[in-house]
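For the sequence shown, full-length UniProt numbering gives the first residue as 1, with consecutive numbering after it.
Below you'll find the structure, written out as structure tokens, and then a few comments.
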Amino acid sequence: MNILMEKINKAYGDKEVLKDFTAKFQEGTVTFITGESGIGKTSIIRILMGLEVYQSGSISGMEDKQVSVVFQDDCLCDKLSLYKNLKMVLDGLEYKDQDLGGLLDMFGLGDYDHKRVAELSGGMKRRLAILRAILYPHNLMIMDEPFKGLDVENKKLVMGQVGKSLVGKTAIIVTHDKTEIDFFRSIEGLAIREIDMKK
């Protein structure tokens, strides 16, 4: 089911961030929301997730959605190992340690599987947060600046893995970097759409 936001108005005090905002997020499509900082990109996805109240407008199509999210903050459990952070979101699904180890390898984290998250660098934590979101059972992926802080090599690696995981699926990705959209357009089988927020 497509997601439709119609004439959404959102303000923080006297600051209006969304005025009569209308958009359709098509099922099976990766939709990028782009634009300058402070223009309301993050507000849109927080409203969709029910984390922000909006003043007027309507939203439909979220009723059947199980959402997996990559926030700007990694939201990991620092005291636990990489394995245990992944197992937390598997919702009873059976994954052997060797399977999880293979996935960690694909994200360049295989050598750190039993280390505590607190021992990882910022970029490593980011990669783990993205992998965890992919593993969580979902039919809608929402990502807020997911590749921010990754070096060039790891960014390309992670975007490739994310792109493969999203083929045929519905996703909303907030970014300020349009080269990321170009990269995703090069992945076979991905349907890409862009909503460019302008002041």
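For glycine and all other residues, C-beta sits at the position ideal for the given N, C-alpha and C.
Note that the structure is a prediction, hence the values are computed from the model and not measured.
* To do: Can you check the stretch 74-156 for any beta strand (DSSP E) of at least 3 residues that lies completely inside it and give the ranges in chain order?
  => Counting only runs that start and end inside the stretch 74-156, the beta strand (DSSP E) elements of at least 3 residues fall at 140-144.
* alpha helix (DSSP H) runs contained entirely in the stretch 6-60, provided each spans 4 or more residues -> 41-48
* Rounded to a whole number of angstroms, what is the C-alpha to C-alpha distance between E188 and D177? -> Straight-line Cα distance between these residues: approximately 21 Å.
* **Whole-Å CB distance - I159 paired with F184, under 8 Å assumed** => Note on residue identity: the sequence assigns Met, not Ile, to residue 159. In this structure, M159 and F184 form a Cβ contact; the two beta carbons are roughly 7 Å apart against a cut-off of 8 Å.
* Does the Cβ of Y54 have 16 or more other Cβ atoms within 10 Å, making it buried, or fewer, making it exposed? -> buried
* Asked: Applying the criterion that 16 or more other CB atoms from any shown protein chain within 10 Å of the CB defines a buried residue, is L18 buried or exposed?
  -> buried
* Report the option in H138, G168, K148, G163 whose CA atom is closest to the CA atom of D64. => H138
* To do: Indicate the three-state DSSP secondary structure (helix, strand or coil) for D182 in the structure shown.
  => helix
* **Cα-Cα separation, N9 to V67** => 23 Å
* In whole angstroms, what is the alpha-carbon distance linking E6 and M62? -> Each residue's alpha carbon lies about 13 Å from the other.
* Asked: Going by beta carbon distance, what residues of the same chain come within less than 6 Å of residue 200, once the five residues before and after it are set aside?
  -> Since the first residue of the chain shown is 1 and the last is 199, residue 200 is not available in this structure.
* Beta-carbon spacing of L80, R116 below 8 Å -> When the beta-carbon positions are compared, L80 and R116 come within less than 8 Å of each other.
* Grab the span of the beta strand (DSSP E) containing A171 for me, first residue to last. => From DSSP, the beta strand (DSSP E) with A171 extends over 171-174.
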